[in-house]
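Under this note's numbering, the first residue of the sequence shown carries the number 1, and numbering increases by one thereafter. Just below is one structure, and these are the notes that go with it.
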Amino acid sequence: MKTLAETGRDRQGAIIALLALGYILLELFPSHSIKTMVSLAIMMIILLVLPMIRGSLMVISAVLLTAGIFLMAMYGATWEEWLKASRVNLTLVAIFLFTPLLGIPVRTGGYVEALKTVMAGKMDNPNFLFAGSSLLSHILGVVLNIGAISIVHELTKASRIENKRMVASSINRGFISTIFWSPYFSAMALILSSLPVKWGDILFYALGLSLIALIISYAFERPYTVKNVGEEREEPLSEGERKKAVWKVVELFLLLFLMVAVVLVAEKLTTSSMTFIICILSAMFPLVWCGLKREWGGYKREFKHHVFVGIPRMKKEIVLFLIAGFFSGAFVKSGWSTFIVEGLNGAFSGHQIAIAYLIAFAIVTTAVMGLHPIVVVTIVATSIDPLKLGFSYEFFAILLLSSWGISNTVSPATAVNNLLSALLKEDLFKVSVHWNLKFALVMLIIIPIYLKWVGI
């Protein structure tokens, strides 16, 4: 028998999961009645979940919601404008709800065990520990999102090097640089739904910036100065078992590559939005893969866990995303964005790179203060026309994506730092700001220069 709390949690998961269905219906049948129904469902979920939130997130959410309601009422918004504002960040929530399903093939296919087998004997080498953890959290993070953090942390336990900063920095920075380009992140969903750009048009520029971030991260931590605690250890496995594990890892990387390639091809060949493509892929790919692998039991178990455990755990972030979108809609209605653009052009006339620095530092500074980057980026992406500031849409898109990513390294409010703090049993402020601030500042200086240099 389930407890009352477990029953309530299951009900919350099922109700919030309906937003994913609502998004698909809107994409397929964008009628007025469905728009109204989805908007009302969003409002109901906000009112249902908001009283359950505690701490600073509750304060931020309540302030944004109150401010949004005030602006909408003050500027005489129509009922249709209220409904539209409530749906501003629905695409982000859809990505948030669908993409965890892509982790099902990885968790049910024995790939994590294979990674442990392949990497275990080399983890006492500080260079391999840092570089391997960074690259692996980056590669797995492309599809698994925050789920990659726990997996890579588990792999680092095989190392006898006791250096929490090295472990946290490698995982953190490898993961956040994925935000620059991965189509499976809510950041990309927001940018692509707010600006007239295609993922394929910014992909290679963003990948170049990710590579720079990984190189700078390695240079900052200098793992080569850390003492190697021992020779490479041989695991008590037969040659056949070792080869099987290696091929399993190769299969994992091919699986991840396939997931990214399908999105790129689908974007080129269809007129569907990137978010819609990813949501359909996230729903169908694990189903097909587990069917081919005869892992139906594992699929059902993981699917139920996502709906009834995973989604309720994410409810605070989901409500914050929805409220931030509503406030952004109210902000656009107020017309204040026009004054911001005019003010920036007046203060930095002819110096676009100075405006780029101001925007990037504003996103990161507010993140350090505890404000989730979703709030600022949503407002900027949905209310400011980059052409009026002298930026191309591609320049603006990568600027916001990379600033969001960098802010994740230093923000105490983001999931990655809170998870690493809990896993390493280390102070949250130390894991976020203390260990990453210098890296974040250097990257912020580099980003606008890089974007100007590549001529985007």
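A virtual CB, placed ideally from N, CA and C, is assigned to each residue, including glycine.
If you drop the 5 nearest sequence neighbours on each side, which residues of the same chain put their C-beta closer than 6 Å to that of residue i?
| i | result |
| --- | --- |
| S186 | L92, I95, F96 |
| A245 | A114, T117, V118 |
| V226 | P126 |
| N408 | I176, T414, V416 |
| A158 | A120, M123 |
To the nearest angstrom, how far is it from the Cα of residue i to the Cα of residue j?
| i | j | result |
| --- | --- | --- |
| V49 | Y299 | 28 Å |
| V377 | A356 | 13 Å |
| S392 | E295 | 46 Å |
| E113 | T99 | 22 Å |
| S194 | F396 | 11 Å |
| A261 | V410 | 31 Å |
| G253 | F70 | Looking at the sequence provided, one finds Phe at residue 253 rather than Gly. So the alpha carbons of these two residues sit roughly 49 Å apart. |
| F130 | L256 | 22 Å |
| L19 | S337 | 29 Å |
| I359 | L428 | 26 Å |
| A219 | A266 | 37 Å |
| L64 | Y111 | 42 Å |
| P196 | K388 | 15 Å |
| I45 | V38 | 11 Å |
| P373 | I191 | 13 Å |
| F348 | V416 | 35 Å |
| L40 | T66 | 18 Å |
| I280 | S273 | 11 Å |
| S383 | N89 | 13 Å |
| S403 | Y23 | 27 Å |
| G200 | R54 | 40 Å |
| V263 | I277 | 7 Å |
| E221 | L203 | 27 Å |
| V167 | I161 | 9 Å |
| F128 | I398 | 30 Å |
| R11 | F308 | 8 Å |
| A14 | M259 | 27 Å |
| E394 | A381 | 12 Å |
| S432 | G132 | 21 Å |
| Q459 | L292 | Nothing in the structure corresponds to residue 459, since the chain is present only between 1 and 456. |
| V9 | K304 | Going by the sequence as given, residue 9 is Arg instead of Val. Those two C-alpha atoms are separated by around 12 Å. |
| R242 | L47 | 53 Å |
| P412 | L371 | 8 Å |
| G68 | I446 | 35 Å |
| E239 | W289 | 28 Å |
Could you tell me which of the options sits nearest to residue i, measuring between CA atoms?
| i | options | result |
| --- | --- | --- |
| P51 | L26, V319, L21, E426 | V319 |
| K430 | I374, L190, T271, S169 | S169 |
| S134 | L287, H153, K116 | H153 |
| K164 | V288, L26, P223, K293 | P223 |
| A367 | H305, L437, K315 | L437 |
| L42 | G325, I171, L211, L389 | In the sequence as displayed, the identity of residue 42 is Ile instead of Leu. Ranking the options by Cα distance to I42, first place goes to G325. |
| P183 | G13, A206, R9 | A206 |
| M58 | K316, L420, S383, T382 | K316 |
| S31 | I212, K84, I277, R11 | K84 |
| R173 | K425, L423, I406 | I406 |
| A77 | S421, I353, K333, P286 | K333 |
| M188 | L401, K425, R54 | L401 |
| T414 | I446, M369, F128 | M369 |
| L424 | L25, I171, T36, V288 | I171 |
| T36 | P312, S159, R11, R87 | R87 |
| G121 | I16, L155, S421 | L155 |
| L102 | M314, A283, H351 | A283 |
| W79 | A422, G329, I15 | G329 |
| M72 | I456, F331, S432 | F331 |
| L269 | W435, K198, L26, S421 | K198 |
| I216 | A440, E241, P448 | A440 |
| W435 | G346, P386, S421, T271 | S421 |
| G346 | G390, H306, K452, R313 | G390 |
I'd like the list of long-range same chain contacts for residue i, defined as Cβ closer than 8 Å, with 5 residues on each side in sequence excluded.
| i | result |
| --- | --- |
| G208 | Y450, V454 |
| V460 | Outside the displayed range of the chain (1 to 456) lies residue 460, so it cannot be described from this structure. |
| G335 | Y75 |
| L444 | Y357, A360, F361, V364, S403, I406 |
| L419 | I146, I149, S150 |
| S210 | H138, S177, T178, F180, W181 |
| V249 | Y111, A114, L115, V118 |
| E81 | M72, G329, K333 |
| L21 | none |
Can you give me the Cβ contacts of residue i inside the same chain, cut-off strictly under 7 Å, excluding the 5 residues immediately before and after it?
| i | result |
| --- | --- |
| A148 | S137, L140, G141, F175 |
| E302 | I104, R107, T108 |
| A213 | R173, S177, M443 |
| I16 | I45, I311, K315, I318 |
**Asked** Is the segment 178-196 in contact with the segment 132-144, if contact means three or more CB pairs nearer than 8 Å?
**Response** yes
**contact_flag[the segment 329-344, the segment 98-106] where n(CB pairs < 8 Å) is 3 or more** = no
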